[in-house]
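Here is the structure we will look at, set down as structure tokens.
Number of protein chains: 2
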Amino acid sequence: MRESQAIERLRRIATAPGALGLADDAALLDGLVLTHDTIAEGVHFLSTDPAASVGWKLVAVNLSDIAAKGARPAAALLSLTLSDDELWDMSFLDGIEAACESYGLALLGGDTIALPAGAPRVFGLTAIGRAGERTPLRSGARQGDSLWVVGTLGDAAAGLAQLQSDPASTGQLVEVYQRPVPQLAAGAALAPHATAMMDVSDGLLLDASRIAQASGCGLEIDLGSLPLSASFVRERGDGADARLFAATGGDDYALLFTLPAALDPLSLSLPRRTTISRIGRVDAQGKRLSLVSNGKAVPLPERLGHEHRGNSTSPMADRI
Amino acid sequence: MRESQAIERLRRIATAPGALGLADDAALLDGLVLTHDTIAEGVHFLSTDPAASVGWKLVAVNLSDIAAKGARPAAALLSLTLSDDELWDMSFLDGIEAACESYGLALLGGDTIALPAGAPRVFGLTAIGRAGERTPLRSGARQGDSLWVVGTLGDAAAGLAQLQSDPASTGQLVEVYQRPVPQLAAGAALAPHATAMMDVSDGLLLDASRIAQASGCGLEIDLGSLPLSASFVRERGDGADARLFAATGGDDYALLFTLPAALDPLSLSLPRRTTISRIGRVDAQGKRLSLVSNGKAVPLPERLGHEHRGNSTSPMADRI
Chain A
1 MRESQAIERL
11 RRIATAPGAL
21 GLADDAALLD
31 GLVLTHDTIA
41 EGVHFLSTDP
51 AASVGWKLVA
61 VNLSDIAAKG
71 ARPAAALLSL
81 TLSDDELWDM
91 SFLDGIEAAC
101 ESYGLALLGG
111 DTIALPAGAP
121 RVFGLTAIGR
131 AGERTPLRSG
141 ARQGDSLWVV
151 GTLGDAAAGL
161 AQLQSDPAST
171 GQLVEVYQRP
181 VPQLAAGAAL
191 APHATAMMDV
201 SDGLLLDASR
211 IAQASGCGLE
221 IDLGSLPLSA
231 SFVRERGDGA
241 DARLFAATGG
251 DDYALLFTLP
261 AALDPLSLSL
271 PRRTTISRIG
281 RVDAQGKRLS
291 LVSNGKAVPL
301 PERLGHEHRG
311 NSTSPMADRI
Chain B
321 MRESQAIERL
331 RRIATAPGAL
341 GLADDAALLD
351 GLVLTHDTIA
361 EGVHFLSTDP
371 AASVGWKLVA
381 VNLSDIAAKG
391 ARPAAALLSL
401 TLSDDELWDM
411 SFLDGIEAAC
421 ESYGLALLGG
431 DTIALPAGAP
441 RVFGLTAIGR
451 AGERTPLRSG
461 ARQGDSLWVV
471 GTLGDAAAGL
481 AQLQSDPAST
491 GQLVEVYQRP
501 VPQLAAGAAL
511 APHATAMMDV
521 SDGLLLDASR
531 IAQASGCGLE
541 IDLGSLPLSA
551 SFVRERGDGA
561 DARLFAATGG
571 DDYALLFTLP
581 AALDPLSLSL
591 PRRTTISRIG
601 RVDAQGKRLS
611 LVSNGKAVPL
621 PERLGHEHRG
631 NSTSPMADRI
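Respectively, the protein sequence lines represent chains A and B. Under our numbering, the first residue of the first sequence carries the number 1, and numbering increases by one thereafter. Under our numbering, the first residue of the second sequence carries the number 321, and numbering increases by one thereafter.
Written as structure tokens, this is what we have:
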């Protein structure tokens with residue numbers, strides 16, 4: 001079944017208000033923010049990725065959704081498949097533990113299963129956060145708002161490309177791909193003010209189109225203002241191609257949000273060393289998504305992002 | 321990694337009080353009861369099981385944990401793998417919907433992913449219930465309590481055996497295997513009074529040993545008093561072998577609980593047509609688990625239950 005069909009069918013089941021129409025990063029229940037991500041070997045991580053990094057990543061990608069709703073990590077349930085490789089499994093759990101400890105996430109339970117021989121590893125995590133005073137959704141962007149990103153773009157995709165050409169690659173970009181950092185403190189500081197917010201997991205342009213769709217507005221993004229890391233620029237430069245790569249790469253776990261134009265986010269108590277960049281604006285008159293560079297319109301690339309990572313046979317939802 | 325090793329490692333991570341030492345059916349958070357079960361093709365369901373029954377079962381087995389804690393179904397997150405078989409996937413979601421509607425469970429979100437070609441189907445569900453005035457744990461059984469079961473035992477295992485010898489089998493026992501019914505109303509009525517309660521998913525004897533272990537007591541079970549359905553007796557008789565089969569079969573989704581000896585559960589407002597049976601007692605002096613039949617001691621079988629279902633290569637936890 002195609003993913004769009006599945007989502008359409010699921011929307012007819014998930015009619016409770018807290019489901020947010022299956023069109024947001026997370027769901028809401030009794031002041032809690034709920035999310036679940038499943039990751040599979042060969043689809044969301046490489047067989048050659050260090051086991052501890054896979055455990056870390058499973059927690060981090062879920063907490064990125066919690067961050068995007070301005071919530072605080074509270075509790076998690078783990079779906080764990082066991083393999084015949086004891087060292088791998090133990091190291092995976094080391095990664096789970098490191099991430100839970102780093103972000104104050106209490107592992108409360110879950111399930112352990114064994115899959116039939118030869119099956120890929122599959123892991124799931126349900127993460128639960130406590131909502132802050134306000135929970136920004138994808139749907140609140142308004143005409144005149146400015147569009148911002150916390151974090152840099154393209155590093156993880158560049159790291160994945162390095163690993164795909166040489167599995168022994170190391171360095172900063174590989175590190176970002178394998179051990180993403182959820183922007184929890186920034187998310188909590190921004191949530192009371194952001195008109196819309198989500199995390200960038202599938203590529204900036206694809207995720208921006210989701211805010212535009214949910215908010216019923218258009219977004220104009222200036223390619224020249226995308227935040228690129230020094231490591232990224234050393235690897236791929238900062239020309240138009242590199243910027244389009246960064247805008248569509250995925251796995252960034254940055255925060256994408258809109259603010260009233262008059263609000264300067266530097267007046268908020270963001271963590272030190274937060275990278276924050278104004279990358280565009282809400283333009284209700286235009287198309288859902290438009291790109292400019294040096295003041296000139298740039299055509300949208302054919303692919304706005306990656307709906308799944310590391311494999312190219314089937315589509316995957318960012319979240320039902 | 322062996323499951324016991326994994327659980328031991330996970331217990332060192334899951335130290336929050338709400339995790340209940342990873343030794344109960346569910347976890348507790350802010351008045352909510354949380355559980356997650358993952359099911360895999362060839363392990364927890366048969367490739368030939370009707371897709372709608374697999375969806376139903378995924379919801380029902382999670383709600384059985386909610387029932388065992390006396391909670392009311394509130395919300396769920398689904399981890400859905402999509403396949404190339406659109407009719408199968410759609411029918412699976414029909415089963416999810418039917419179970420959610422039957423039990424008032426609001427689907428709030430989750431994740432859809434595609435697995436690499438050839439991988440078995442894997443589905444996960446996180447179910448969240450609202451706790452009642454009291455949440456019975458596995459650990460509260462006390463000397464002198466009586467031991468009870470709500471539901472019948474052995475039907476699902478007998479149905480699975482029929483399907484394994486002939487995949488075209490039909491009938492009441494197959495129906496119980498494929499479409500278990502969580503004992504939600506009985507669980508809610510019993511929870512204020514039960515000193516300990518859990519659901520029977522892996523076999524009566526194995527699950528009873530878990531209550532004995534968690535409560536630090538011994539349990540004596542009278543094989544002659546096990547609740548057997550008419551369909552079960554027609555298929556397998558009610559001799560000693562049949563009773564041991566029923567006591568170790570698994571997939572029952574019955575409730576196993578202890579009550580103060582003076583309390584007659586028929587005085588509680590159980591649903592009409594509830595099958596409730598006194599099957600033994602707490603015996604703090606004896607072994608963790610002992611069996612009697614016609615007043616005589618019976619040796620424990622080598623296997624107390626099935627830690628996983630439908631496959632026999634690897635162990636599976638009932639819940640981490």
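Built from N, CA and C at the ideal position, the CB exists for glycine as well.
Check your understanding: Does Ile113/A get closer than 7 Å to chain B when you measure Cβ to Cβ?
Key -> yes
**Study point:** Beta-carbon proximity check, Ala6/A vs Gly18/A, cutoff 7 Å
**Key:** No; because the gap between Cβ atoms is not below 7 Å, this pair is not in contact.
Point to revise | Contact set between the stretch 457-481 of chain B and chain A, restricted to residues whose Cβ is under 8 Å from the partner | key: none
Review point. Hey, how far is the Cα of Ala14/A from the Cα of Ser4/A?
Key: Looking at the two C-alpha atoms, the distance is approximately 15 Å.
Point to revise | Gly338/B at chain A interface by Cβ criterion, 7 Å | key: yes
Check your understanding: What whole-angstrom Cβ distance do Leu525/B and Ile599/B have, given they're in contact under 8 Å?
Key -> 11 Å between Cβ atoms; not a contact.
**Study point:** Chain-ordered neighbours of Ala334/B on chain A, where CB pairs are closer than 8 Å
**Key:** Ala106, Leu107, Leu108, Gly109
Review point. For the ligand GDP, is there a heavy atom less than 6 Å away from the beta-carbon of Gly171/A?
Key: In the structure on display, the ligand GDP does not appear, and there are no ligands present to speak of.
Practice item. Would you please verify whether the beta carbon of Met316/A is less than 7 Å from any beta carbon of chain B? Key: Summary for Met316/A: the model assigns pLDDT 33, below 50, so the residue's position carries little reliability; its value from the coordinates is reported in the next sentence. True, the Cβ-Cβ gap to chain B drops below 7 Å.
Point to revise | Three-state secondary structure assigned by DSSP to Thr401/B | key: In this structure, Thr401/B counts as strand in the three-state DSSP scheme.
Review point. Using 7 Å as the limit for Cβ to Cβ distance, is His306/A near chain B?
Key: For His306/A, the answer is no, since every Cβ of chain B falls outside 7 Å of its Cβ.
Exercise for review: Could you tell me whether any Cβ in chain B is nearer than 7 Å to the Cβ of Pro240/A?
Suggested key: The question names Pro, yet the displayed sequence has Ala at residue 240/A. Taking 7 Å as the threshold, the shortest C-beta distance from Ala240/A to chain B does not fall below it.
Check your understanding: Which partner residues does Trp468/B have in the DSSP bridge list?
Key -> In the DSSP output, where bridge partners are listed per residue, Trp468/B has Phe577/B, Arg598/B.
Review point. Which residues in the same chain as Thr355/B place their Cβ atom closer than 6 Å to its Cβ, once the five residues preceding and following it in sequence are excluded?
Key: Answer for Thr355/B: Ala346, Asn382, Asp385, Ala447, listed in chain order.
**Study point:** Rounded C-alpha distance that separates Ser314/A from Ala434/B
**Key:** Low local confidence applies: a pLDDT of 29 at Ser314/A is under 50, so the model's placement there is unreliable, with the coordinate-based value given in what follows. If I take the Cα positions, the gap works out to 6 Å.
Point to revise | Counterpart residues of Gly124/A in DSSP-defined beta bridges | key: Thr38/A, Ser79/A.
Check your understanding: Between Leu548/B and Leu493/B, what straight-line distance do the alpha-carbon atoms span, to the nearest angstrom?
Key -> 12 Å
Practice item. Specify the secondary structure class of Arg11/A as computed by DSSP and reduced to three states. Key: Residue state, collapsed to three classes: helix.
**Study point:** Distance between Ser83/A and Pro260/A (C-alpha atoms, nearest Å)
**Key:** Rounded to the nearest whole angstrom, the CA to CA distance from Pro260/A to Ser83/A is 50 Å.
Practice item. Grab me the residues of Gly70/A's own chain with a C-beta within less than 8 Å of its C-beta, minus the 5 sequence neighbours each way, in chain order. Key: Ala131, Gly132, Arg134, Thr135, Pro136, Gly187, Ala188, Leu190, Ala191, Pro192, Ala194, Met197
Check your understanding: Do Pro299/A and Tyr253/A have their C-beta atoms within less than 7 Å of each other?
Key -> For Pro299/A and Tyr253/A, no; Cβs fall outside 7 Å.
Point to revise | Best match in Phe577/B, Ser610/B, Val612/B for proximity to Ser597/B [C-alpha to C-alpha] | key: Phe577/B
Point to revise | Beta-carbon gap between Gly415/B and Gly479/B smaller than 7 Å | key: no
Practice item. Go ahead and pull the three-state DSSP assignment for Asp89/A. Key: helix
Practice item. Please report the residue range of the beta strand (DSSP E) in which Glu175/A lies. Key: Note, Glu175/A: premise wrong, no beta strand (DSSP E); alpha helix (DSSP H) at 172-178.
Review point. Under the rule that 16 or more other beta-carbon atoms within 10 Å means buried, what is Glu101/A, buried or exposed?
Key: Glu101/A should be labelled exposed.
Point to revise | chain A contact for Thr358/B (CB, 7 Å cutoff) | key: Using beta-carbon distances, Thr358/B counts as an interface residue toward chain A, with a partner under 7 Å.
Review point. Mind checking Thr490/B: buried by the 16 CB within 10 Å criterion, or exposed?
Key: exposed
**Study point:** Cβ neighbour criterion (16 or more within 10 Å) applied to Glu406/B
**Key:** exposed
Practice item. Determine the chain A residues that contact Pro487/B at a beta-carbon separation under 9 Å, and present them in chain order. Key: The premise fails here: Pro487/B is roughly 18 Å from chain A at the closest Cβ pair, so nothing lies under 9 Å.
Check your understanding: Got a sec? Which residues, its chain only, sit under 8 Å from Gly109/A by beta carbon, not counting five neighbours each side?
Key -> The answer, listed in chain order, is Leu77, Leu78.
Point to revise | Residue(s) in a DSSP beta bridge with Val200/A | key: Ala254/A
Review point. In chain order, what residues of the same chain lie with their CB nearer than 7 Å to the CB of Ser209/A, ignoring the 5 residues before and after it?
Key: Arg288, Leu289, Leu304
Point to revise | Buried versus exposed call for Gly310/A [16 or more other C-beta atoms within 10 Å across all chains shown] | key: Confidence at Gly310/A is low in this model, with a pLDDT of 32, below 50, so its placement is unreliable and the value that follows should be read with caution. The residue is buried, with at least 16 neighbouring Cβ atoms inside 10 Å.
Point to revise | Candidates Pro73/A, Gln164/A, Gln213/A, Val149/A: closest to Ser201/A by CA position | key: Val149/A
Practice item. Could you pull out every residue in the same chain whose Cβ sits closer than 7 Å to the Cβ of Gln213/A, ignoring the five residues on either side in sequence? Key: So the qualifying residues of the chain are Arg288.
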